[in-house]
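J.: Here you go, one structure.
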Amino acid sequence: MFKYSKDGVSVLTILDTRRAKINGLFPVKVQVVFRRKQKYYSTGKELSKEDWDRLLKAKSQLLMEVRTDIESSFSIIKQQVSELIQKGEFSFEILSIRLGRHTKEINLRTAFELKMKELEDNEQASTYLNYRSALKSLECFGGTNIPLDRITVEWLKHCERFWISNGKSYSSVSIYFRTLK
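Structure, rendered in structure tokens:
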């Protein structure tokens, strides 16, 4: 129904007919395809095959609301995919984190490790080393298990003062903060 494709990443809405729910309806999902791998994101909507076929041209209020909700879910995922492609950072892990659907507890170390693995895979050694140094310095200040929601403007100011008082140069501090974007 809704489709988007750019730089080898496709996003489309599908009726997942692999398995019907108990009520006989099928879930509507947003499928993201990258390098022949696909990941499905639920829209929270369920339809019959007949309703799916007539959804695009439906005039009934109920189906129009369902179509709007599906389009909204599609647009959110499409926007995140587009931003990641534009930055050259697309991966399913980062997309799931951005969508708030990452399965394990996300903290600063996990986010950095995902990014560092991506940099290592792309053979970007210098940037990888910047991230590794930044992570080490951040953990020296805040401990090893830093939840992302703990990182605030105030926390960053304290971190900067800590680094400067421990002899880090302003350019090092700048490089470390750049990795947090």
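Residue numbers (our numbering): 179 to 359. By construction, the Cβ of each residue, glycine as well, lies at the ideal position given by its N, Cα and C atoms.
Looking only at DSSP bridge pairs, what is I153 linked to?
T.: Outside the displayed range of the chain (179 to 359) lies residue 153, so it cannot be described from this structure.
J.: Relative to the C-alpha of T221, which candidate in V211, T246, S304, R214 has its C-alpha closest?
T.: The option with the nearest alpha carbon to T221 is T246.
J.: Just to confirm, are K223 and I248 a CB contact at a threshold of 8 Å?
T.: Yes; because the gap between Cβ atoms is below 8 Å, this pair is in contact.
J.: Opposite Y219 in the DSSP bridges: which residues?
T.: Its beta-bridge partners are V208.
J.: Which ranges would you report for the beta strand (DSSP E) in the region 215–275 if only whole runs of at least 3 residues count?
T.: List check, beta strand (DSSP E) in window: 215–225.
J.: Report all residues from its chain with a CB closer than 6 Å to the CB of A312; omit the five preceding and five following residues, and keep chain order.
T.: Around A312: Y354, T357.
J.: Specify, as a first and last residue, the run of the alpha helix (DSSP H) that K293 falls within.
T.: Taken as a continuous stretch (DSSP letters only), the alpha helix (DSSP H) holding K293 covers 286–299.
J.: Have a look at the DSSP bridge pairing and note the partners of S183.
T.: In DSSP, S183 forms a bridge with S188.
J.: Give me the Cβ distance between F212 and F270, rounded to the nearest whole Å; I'm assuming they're in contact under 8 Å.
T.: About 7 Å; that satisfies the 8 Å criterion.
J.: Alpha carbon to alpha carbon, how far is G321 from V206? Give it in angstroms, no decimals.
T.: Rounded to whole angstroms, V206 to G321 spans 42 Å at the Cα level.
J.: Output needed for L203: all residues of its chain with C-beta closer than 8 Å, excluding positions within five of it in sequence on either side, in chain order.
T.: Excluding sequence neighbours, L203 sits near E224, L225, S226.
J.: With G202 as the anchor, note down where its alpha helix (DSSP H) starts and where it stops.
T.: Taken as a continuous stretch (DSSP letters only), G202 belongs to no alpha helix (DSSP H), as it is neither H nor E.
J.: To the nearest angstrom, how far is the alpha carbon of T195 from that of K256?
T.: T195 and K256: Cα-Cα distance of roughly 22 Å.
J.: Does I342 pass the burial test, meaning 16 or more other C-beta atoms within 10 Å, or should it be called exposed?
T.: Counting Cβ neighbours within 10 Å, I342 comes out exposed, since fewer than 16 surround it.
J.: Could you tell me the boundaries of the alpha helix (DSSP H) in which K335 lies?
T.: First-last of the alpha helix (DSSP H) with K335: 331–343.
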